[in-house]
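Heads up, the thing below is written out as structure tokens.
In my numbering, the protein residues as written are 666 to 769.
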């Protein structure tokens with residue numbers, strides 16, 4: 666049995682990105698709120714990335730000469746580095762076809 670090592674460590678990569686935002690206000694007060702979700706499945710098995718983020722902005726104008734605002738951004742992410750090595754898989758796939766693995 667011959668194994669294609671590149672095929673064994675690769676998969677179809679998929680990216681999903683979803684976001685929602687809301688903004689509004691009046692002449693003296695404004696706000697902006699948003700959320701984001703990113704899910705990326707890499708082309709190598711085990712290489713994945715997920716990110717969650719949340720943003721808020723507020724602006725208040727209590728007087729004609731004073732403006733006060735806040736801005737915050739929170740992010741959480743997970744990087745899975747995987748275990749597959751593309752270089753090793755490519756090197757093993759280029760080995761002569763006479764070297765095969767046999768099932769016991």
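Backbone N, C-alpha and C fix where the C-beta goes; we use that ideal spot for every residue, glycine too.
Reference residue i, options the options, closest by Cα
{"i": "residue 717", "options": "724, 674, 681", "result": "681"}
{"i": "residue 714", "options": "688, 745, 721", "result": "745"}
{"i": "residue 719", "options": "732, 700, 727", "result": "700"}
{"i": "residue 743", "options": "683, 702, 692, 678", "result": "702"}
{"i": "residue 695", "options": "727, 740, 707, 684", "result": "727"}
Nearest-angstrom beta carbon gap, residue j and residue i [assumed within contact, 8 Å]
{"i": "residue 724", "j": "residue 711", "result": "Residue 724 to residue 711, Cβ: 44 Å. No contact."}
Exposed unless 16 or more other CB atoms sit within 10 angstroms - verdict on residue i
{"i": "residue 674", "result": "buried"}
{"i": "residue 767", "result": "For residue 767, the pLDDT reaches just 47, beneath the cut-off of 50, and the residue's location in the model is therefore unreliable, leaving the point undetermined."}
Cβ pair residue i, residue j closer than 9 Å
{"i": "residue 721", "j": "residue 698", "result": "yes"}
{"i": "residue 705", "j": "residue 685", "result": "no"}
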